[in-house]
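Report on the structure given below.
Numbering (UniProt numbering), first residue to last: 1 to 306.
Below, the structure written as structure tokens:
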């Protein structure tokens, strides 16, 4: 059985070409994974739209309706930084559905990866930092509420703190929020995660990988989660436009493999979402995001998940 990979054509709607957010990276990531022989288009799993009742497990219903109707306040529109369109609204709800499907497949098979997801700046009743709905918080609440899992651990390695996730899940003790982020970076006002691991600017592969290993060796036995949500942001890369850390491609691959092996070595299902990554060279960015899926394939083949 192939590694479960989740994608949908809705993920890269028409978008201003010069916008800071690289909306075409999802389509380019799909193209890269197909061209590099990792998957075929037919093998990619297509998600449904996330139902409003599931979105409302982590978000205010009035906010959901405001966003879907294109009625955000100017202040919220400014915080978000993305121009509203029906296609973007549909994409947003579809991508949360994609993370839900990825989590389903991870619980079934041990490992699954999304070709989107990781929208960790979205808050309960407002958007922020290119994030509209928080897939990590929605998945956590959904699987906890259904009784499918009794504890979720979110291991967020995006270069920016997962402030929305921390705030939404602050009163959900069985959803453990862990954020490894560059200390001097967006958001200026940090939230309080269960575990915040602020990193100095300019950190390189070896120092970073030691932090990842130490954190997982401590946290996984401590919490014994039934599911790990791994936000594999590539904005920690030395060439990222919004980063400030100094990881290489090899460092990213080592990080992704390490996280997945730590989890699977303890029989904990893990789902990978791509998180942030910013570059004017969109094809290079897509290849960088693809490191997650190539690393996952390597772990999948050697772990006997399939």
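No residue lacks a Cβ here, since even glycine has one placed at the ideal position from N, Cα and C.
- Bounds of the beta strand (DSSP E) holding residue 230 are 227 to 231.
- The beta carbon of residue 68 lies closer than 7 Å to those of 89 in the same chain, with the five residues before and after it left out.
- Residue burial is scored here from C-beta neighbours: residue 35 has fewer than 16 other C-beta atoms within 10 angstroms and is therefore classed as exposed.
- Three or more Cβ pairs drawn from the region 132 to 143 and the region 97 to 108 lie within less than 8 Å of each other, which places the two stretches in contact.
- Closest in alpha carbon position to residue 176, among 166, 185, 184, is 166.
- About 22 Å separates the beta carbon of residue 197 from that of residue 249, a gap too long to meet the 8 Å contact definition.
- In the three-state reduction of the DSSP assignment, residue 234 falls in the coil class, being assigned neither a helical nor a strand state.
- The beta carbon of residue 199 sits closer than 8 Å to those of 180, 181, 182, 183, 208, 211, 245, all from its chain and outside the five residues before and after it, given in chain order.
- Across the structure, residue 41 and residue 5 are spaced so that their CA atoms are roughly 10 Å apart.
- In this structure, DSSP gives residue 109 a helical state, which the three-state scheme calls helix.
- Rounded to the nearest whole angstrom, the C-alpha separation of residue 50 and residue 201 is 37 Å.
- Counting along the chain, the unbroken beta strand (DSSP E) around residue 198 starts and ends at 195 to 199.
- The C-beta of residue 78 has fewer than 16 other C-beta atoms within 10 Å across all chains shown, which makes the residue exposed.
- For secondary structure counted as the alpha helix (DSSP H) over 4 or more consecutive residues, the region 155 to 208 holds these complete runs in sequence order: 163 to 168.
- A straight line joining the alpha-carbon of residue 14 with that of residue 85 spans about 9 Å.
- In terms of Cβ geometry, residue 132 and residue 116 do not form a close pair [threshold 8 Å].
- Annotation: residue 272 to residue 74 spans about 33 Å, alpha carbon to alpha carbon.
- With a beta-carbon spacing of about 15 Å, residue 243 and residue 118 fall beyond the 8 Å limit used to define contacts.
- Secondary structure note for residue 272: its beta strand (DSSP E) is the uninterrupted segment 270 to 273.
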